[in-house]
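First comes the structure, then the notes that go with it.
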Amino acid sequence: MGVLGLLKEAKEAFHEMEWGRLAKITKEITDLTPDEPVKGLASGFYFYASAKLAKEPENVILALDKASSFFKGVDAHLASLADIERLILLAGFDKKNEGLHLRELGELTQGLFIKTGDVANLQLAIESFNRAKEHFRGKELAQIVLDLQFCHGSNAGQCDNPLEAFGEVIKLKGEVKTKEKAIIACSNMNVAIAYHNLAFLKGEPASIKEAIKLTQEAISTFEAIGQKPEIVRAKQTLANILMDGAALDAKNTKKHMEGAILLKKEVVDIFLSDGFDIDAAYEDMSIGVAYFEFATCDSASCDGHFKNAINHFNAACEIFEKEEVPEGLAPAKAGIAAVHKNQENLEEAARIYEEALEIFSEPIFTGHTKQNLAEVYHEMAKATGNKDHESRAKKLKKEAKKLLSAKS
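The numbering used here applies: residue 288 is where the sequence shown begins, and numbers increase by one.
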């Protein structure tokens, strides 16, 4: 049997957990001196099988370490599997360094969750970090608590009780015992995001206020220690909190929207000053969206808000055109068209939606744009009696339905 046939049998033995058979097959493969990727995979399988067959913990750990080293570069999933099993064993066997192994296990499985979305990895990360906490103090403990806050916040979107998960994030703030200002600020950000989510889960404007307060404190800290990337992220987060707060806290809608837009403009200035023009363009586009939303809740000044929305969408378009970023240019144009549609400038809206359609490539975006354009042509038909407009509307509506149903 050739190498590929043997490799197929090895994979079957692995999935069926026939470790003796797996070791025998993979030894045969390596004896045939295959190319490096196949040799690496076969060697990884061989040492993984050896680990399963070994009796002494030391030998199991060594074999898993070798399996991981061979799997790396050919199969990241298998390498991670070997590393997880090795670290679990080390945490139980090497008591002197138990905390270090648990922390490494937590960091590994947290990273795997971020990459794959596998909740099992998230649960293992939470368990590992919780067990690691007792082995550390000061800055190292605070960093573990930060990781735990992230994990519990992520778990809120996966579990049956998000209130409890966000509650854990908030409770952990009291365990951040360090003088490191950056860590304290990052913890405040995690708690602010938890309060932001709780505000909507529980319908509590008070939670929005707490989220705003904590994020403002974090921004002040990041500015004081000169951590520009964190300043940008914190300002973007606060802008989002304020915009959502505008919907939840009717008494402060205008104040929140104005604050959000001001923060977004500050972020644009930071991006432009540092030469990140494309990032600035995306932020300009988000300002256009913010002004559009502001217009819908501040009718007395809606014309001014719509004008500002178009200005910022146009600013984004200029950069996207210059930098040749079609995935940014298309939605920016669609934003301009949406403003004209809401102002009943139907011909202009139709023209710009058509331009956007020529750029969009993603079916879902194309579908939504055709849906919006169909509405514009339908309104134009009602206003003018032009049957061609109604025919165009029906055709677009049909095409949009097909695109959106295929995507779903």
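We put the beta carbon where it would ideally sit given N, CA and C, even for glycine. What you are looking at is a predicted structure, and each value in this text was computed from that prediction instead of being measured.
For residue i, which residues of its own chain have a beta-carbon under 8 Å away from its beta-carbon, when the five flanking residues on both sides are left out?
i	result
leucine 690	Pro650, Ile651, Thr653, Gly654 and Lys657
glutamate 372	Ala338 and Leu351
leucine 428	Lys420, Glu462, Lys464 and Thr465
leucine 683	Lys657, Gln658, Leu660, Ala661 and Tyr664
alanine 670	Leu633
alanine 452	His439, Gly440, Asn442, Ala443 and Cys446
leucine 409	Thr396, Gln397, Phe400, Cys438, Ser441, Asn442 and Gln445
Can you name, in chain order, every residue of its own chain whose Cβ lies under 7 Å from the Cβ of residue i, other than the five neighbours on each side?
i	result
glutamate 504	Asn475
glycine 386	Ala419, His422 and Phe423
cysteine 604	Leu616, Ala619 and Lys620
valine 478	Val456, Ile457, Lys460 and Leu501
glutamate 608	Leu616
alanine 693	Pro650
threonine 540	Ala533 and Cys584
So the candidates are the options; which of them puts its Cα closest to the Cα of residue i?
i	options	result
phenylalanine 334	Ser692, Val347 and Ser507	Val347
leucine 660	Ala670, Glu686, Thr671 and Gly672	Glu686
isoleucine 401	Asp381, Gly440 and Ala547	Gly440
aspartate 561	Ile499, Gly404, Pro516 and Ile548	Pro516
isoleucine 431	Ser355, Ile597, Cys473 and Gly331	Cys473
glutamate 662	Asn632, Ile471, Ala533 and Ile646	Asn632
leucine 535	Val519, Glu635, Cys584 and His302	Cys584
glutamate 545	Ile574, Ala521 and Leu559	Ile574
lysine 681	Glu299, Ala668 and Ala693	Ala668
lysine 353	Asp381, Val626, Asp370 and Lys311	Asp370
alanine 602	Gln630, Leu559 and Asn384	Leu559
glycine 276	Ile512, Phe600, Gly289 and Gly444	As shown, the chain starts at 288 and ends at 695. That puts residue 276 outside it, with no answer to give.
alanine 748	Glu611, Gly393, Asn384 and His665	The structure shown does not extend to residue 748, since the chain is modelled only from 288 to 695, so the question has no answer here.
alanine 336	Lys311, Leu376 and Glu345	Lys311
histidine 364	Phe332, Asn384 and Lys342	Phe332
lysine 594	Ile606, Val626 and Asp434	Val626
histidine 543	Ile506, Lys496, Leu293 and Glu614	Lys496
How big is the Cα-Cα spacing for residue i and residue j?
i	j	result
threonine 508	alanine 469	7 Å
lysine 489	alanine 481	12 Å
glutamine 523	leucine 349	46 Å
leucine 309	glutamate 641	59 Å
leucine 368	lysine 538	53 Å
threonine 396	valine 406	10 Å
serine 355	glycine 398	16 Å
glycine 289	glycine 454	57 Å
serine 648	histidine 599	23 Å
leucine 340	leucine 525	54 Å
leucine 376	glycine 513	42 Å
leucine 550	alanine 300	57 Å
glutamate 611	glutamate 645	14 Å
glutamate 345	phenylalanine 380	8 Å
leucine 450	phenylalanine 579	32 Å
alanine 596	alanine 533	18 Å
proline 492	alanine 486	6 Å
proline 321	alanine 297	14 Å
serine 384	aspartate 318	Note that residue 384 corresponds to asparagine in the displayed sequence, not to serine. The straight-line gap from Cα to Cα measures roughly 38 Å.
serine 330	leucine 291	14 Å
isoleucine 316	valine 325	8 Å
arginine 520	isoleucine 471	15 Å
serine 678	isoleucine 623	24 Å
glutamate 323	lysine 382	37 Å
aspartate 531	isoleucine 506	19 Å
serine 588	phenylalanine 581	9 Å
isoleucine 606	proline 613	11 Å
Excluding the 5 residues preceding and the 5 following residue i in the sequence, name in chain order all residues of the same chain whose CB lies nearer than 6 Å to its CB.
i	result
lysine 359	Ala366
glycine 327	Phe357 and Val361
lysine 620	Ile639, Glu642 and Ala643
glutamate 467	Lys426
leucine 392	Leu374 and Ser415
methionine 572	Ala603 and Ala619
leucine 389	Ala378, Ser415, Arg418 and Ala419
lysine 628	Ala636 and Val663
histidine 483	Ala498 and Ile528
asparagine 673	none
leucine 411	Thr396
Can you check whether the C-beta of residue i is within less than 8 Å of a C-beta belonging to chain B?
i	result
alanine 603	No chain B is part of this structure, which consists of one protein chain only.
Sufficient close CB pairs (3 or more, under 8 Å) joining the segment 538-556 to the segment 567-582: yes
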